[in-house]
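Engineer: Okay, here's the structure, questions in a sec.
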Amino acid sequence: MTTIPFNRPHLTGREFMYISEAVAGGQLAGNGQFTQRCYAWLERELACPRALLTHSCTAALEMAALLLDLQPGDEIIMPSFTFVSTANAFVLRGARPVFVDIHPDTLNIDESLIEAAITDRTRAIVPVHYGGVACDMDAIMDIARRHNLFVVEDAAQGFLARYRDRPLGSIGHMAALSFHETKNVISGEGGALLINDDRFRARAEIMWEKGTNRSQFLRGEVNKYTWVDIGSSFLPGELIAAFLWAQLESAHEMTSERLRLWQRYADECAALPPLGVRCPVVPDYAAHNAHLFYLLLPDGVSRPAVLTDLNNRGVNAIFHYVPLHDSPGGRRYGRTGSRMDVTTDLSGRLIRLPIWVGLQPADVDRVVGSVTESLMQYV
Ligand SMILES: *Cc1c(COP(=O)(O)O)cnc(C)c1O
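Under this note's numbering, the first residue of the sequence shown is numbered 25, with each subsequent residue one higher.
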């Protein structure tokens, strides 16, 4: 019996053609033709005034932290149930992550706990759209407005998903996307910073180009380029942008394909015998992108035992985040800003099932069959 892998990167078939085109064109450094094509696409499809490609979502979050001009001791409110980069990007600037609990339904930051975590050092809120299901952005933007805070969306998993009629990444002052090979649309490693607030735009271009005004120079706005601010090398080369362009051209089809598989999982899991498992919840305001399909195991069922059993049955199911507040780094650099019961409880019960473009409906059936058989032994 062949094993169904958790993830398999999908190629559209045009990646190598565009990479060859980039090579033939003679510009291999960043900010060339393919980079520009990616921008035009992202700015149009995500209703975002300015996009900048980066090496990763991590790098985009680091740029956001630089642009916020964070000072040591400043605080950032974020969920603990997220990837380390959501916190690390701000810790690198000396800021302190303040972790807030999540909703039991979406596993996104619980906006009703944010205000109690705000202090006079709080500078920003960093919501994470878990599994591409939107956070309650109206509530979060309202809190930010009333307390004069910035919002940086960690939209690493939220590509082409929506909150009401707005694309994720277009709502906060800034947002970070990921094109890591485990995400919906990929370039191996890769990401983008979306700048929705014009106040950050000019400085973002400078920081991205190593602290120089080269972008202005290329647009003919200045007649030489020079060192004007702090910055680093955040831009990927053209080979990465060429690969990404091939993916963006098929991004909507790839999302639709994932959504079909996700719906099949959801339908089959809803029909499971009453084993006590819980499926993902998508609120009315969210149009998700099928980034992942997870199950919450019933109380008292050993997750390691279920995962081992599923893997023995040829289903590569895996767990997800170890909560940051409970990790050595989180204890050293952050603090909790609320109770953490939901995070602690749900993170220990969550398993993720294989979902990728190319997975067959019959594979979904086999995965759900294996989950059912496996759970029957434990409940
Ligand atoms: C994947 C991911 C990141 C990091 O993305 P990279 O592109 O690998 O740097 C950050 N935050 C979340 C929520 C993610 O899922």
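All residues carry an ideal CB built from backbone N, CA and C; glycine is no exception.
1) Closest to Phe-258 by CA distance: which of Tyr-187, Val-122, Gly-214 is it?
2) State whether the region 195-215 contacts the region 137-147, with contact taken as three or more CB pairs (one from each stretch) at a distance under 8 Å.
3) Between Val-176 and Ala-88, is the Cβ-Cβ spacing less than 8 Å?
4) Compute every distance between the C-beta of Val-181 and the non-hydrogen atoms of ligand 1, then say whether any falls below 7 Å.
5) Taking the beta carbon of Leu-181 as the centre, do at least 16 other beta carbons fall within 10 Å, making it buried, or is it exposed?
6) Across the region 32-48 and the region 373-391, are there enough close Cβ pairs to call them in contact, namely three or more that are closer than 8 Å?
7) Mind checking which residues open and close the beta strand (DSSP E) that includes Arg-302?
8) Are at least three pairs of beta-carbons, each pair with one atom in the region 248-267 and one in the region 288-298, less than 8 Å apart?
9) Cβ of Thr-110 within 7 Å of any heavy atom in ligand 1?
10) Chain B beta carbons: is any one of them nearer than 8 Å to that of His-127?
11) At what residue ranges does the region 54-84 contain a whole run of the beta strand (DSSP E), taking only runs of 3 or more?
12) Alpha carbon to alpha carbon, what distance is there between Gln-60 and Val-47?
13) Can you find a heavy atom of ligand 1 that lies under 7 Å from the Cβ of Val-152?
14) Which term fits Leu-242, buried or exposed, when burial requires 16 or more other beta carbons within 10 angstroms of its beta carbon?
15) Check whether the region 71-80 and the region 219-231 are in contact - that is, three or more C-beta pairs closer than 8 Å.
16) Can you tell me which of the three DSSP states Val-122 falls into?
17) Let's test the definition: count the other Cβ atoms within 10 Å of the Cβ of Glu-233 and tell me whether it reaches 16, buried, or not, exposed.
18) Using a Cβ-Cβ cutoff of less than 7 Å, which residues in the same chain neighbour Glu-86 once the five nearest sequence positions on both sides are dropped?
19) Please indicate yes or no: does the CB of Ser-256 lie closer than 7 Å to some heavy atom of ligand 1?
20) Would you call the region 364-376 and the region 308-328 in contact, with 3 or more CB pairs under 8 Å?
21) Taking three-plus beta-carbon pairs below 8 Å as touching, is the region 299-309 in contact with the region 91-108?
22) I need the DSSP call for Arg-327, collapsed to helix, strand or coil.
23) With burial defined as no fewer than 16 other Cβ atoms inside 10 Å of the residue's Cβ, what is the status of Met-400: buried or exposed?
24) From what residue to what residue does the alpha helix (DSSP H) around Ser-394 run?
25) Under three-state DSSP, which class holds Gly-260?
26) Fully enclosed by the region 182-220, which beta strand (DSSP E) runs are 3 residues long or longer?
27) Rounded to the nearest angstrom, what separates Asn-237 and Glu-67 at their Cα positions?
28) Assess contact between the region 324-340 and the region 386-400, defined as three or more Cβ pairs (one per stretch) separated by less than 8 Å. Is contact present?
29) Between Cys-293 and ligand 1, is there a pair consisting of the residue's CB and a ligand heavy atom that are separated by less than 7 Å?
30) Report back the beta-carbon spacing between Val-347 and Phe-105 to the nearest angstrom; my notes put them in contact at under 8 Å.
31) Any heavy atom of ligand 1 closer than 7 Å to the beta-carbon of His-276?
Structural biologist: According to the structure shown:
1) When only C-alpha atoms are compared, the closest one is Gly-214.
2) In the pairwise beta carbon analysis, the region 195-215 is classified as not touching the region 137-147: fewer than three pairs are separated by under 8 Å.
3) Cβ distance < 8 Å, so Val-176 and Ala-88 count as in contact.
4) Looking at the sequence provided, one finds Gln at residue 181 rather than Val. At least one heavy atom of ligand 1 is nearer than 7 Å to the Cβ of Gln-181, so yes.
5) Checking the sequence, you will find Gln at residue 181 rather than Leu. Per the 10 Å Cβ criterion, buried.
6) As far as the Cβ criterion goes, the region 32-48 touches the region 373-391, which means the pair count is three or higher.
7) No residue range can be given for Arg-302, since it is assigned to no beta strand (DSSP E) and is classified by DSSP as neither H nor E.
8) Not touching, per the Cβ criterion.
9) Yes - ligand 1 has a heavy atom lying nearer than 7 Å to the Cβ of Thr-110.
10) The chain inventory of the structure shown lacks chain B, comprising one protein chain alone.
11) Runs of the beta strand (DSSP E) inside the region 54-84: 74-78.
12) If I take the Cα positions, the gap works out to 16 Å.
13) Yes.
14) Per the 10 Å Cβ criterion, exposed.
15) They touch, by the three-pair rule.
16) Correct three-state label for Val-122: strand.
17) Buried is the call here.
18) In its chain, beyond the 5 residues on either side, Ala-113, Leu-116 have a beta carbon closer than 7 Å to the beta carbon of Glu-86.
19) Checking the Cβ of Ser-256 against ligand 1 gives no.
20) Segments in contact, yes.
21) They do not touch, by the three-pair rule.
22) The answer is helix: DSSP assigns Arg-327 an H, G or I state.
23) Around the C-beta of Met-400, fewer than 16 other C-beta atoms lie within 10 Å, and the residue is accordingly described as exposed.
24) 385-402 is the extent of the alpha helix (DSSP H) around Ser-394.
25) The residue you asked about is not Gly; residue 260 is Pro in the sequence shown. Of the three classes helix, strand and coil, the one that applies to Pro-260 here is coil, per DSSP.
26) Taking only runs of at least 3 residues, the beta strand (DSSP E) segments lying wholly in the region 182-220 are 198-202, 215-219.
27) Approximately 22 Å, taken between the alpha carbons.
28) Between the region 324-340 and the region 386-400, the count of C-beta pairs closer than 8 Å reaches three or more; the two stretches touch.
29) Residue side-chain check: Cys-293 keeps its Cβ at 7 Å or more from all non-hydrogen atoms of ligand 1.
30) Correcting the residue type first, residue 347 is Pro in the shown sequence and not Val. For a cut-off of 8 Å, the C-beta gap from Pro-347 to Phe-105 is around 6 Å, short enough to register as a contact.
31) Because no heavy atom of ligand 1 lies under 7 Å away, the Cβ of His-276 does not count as near it: no.
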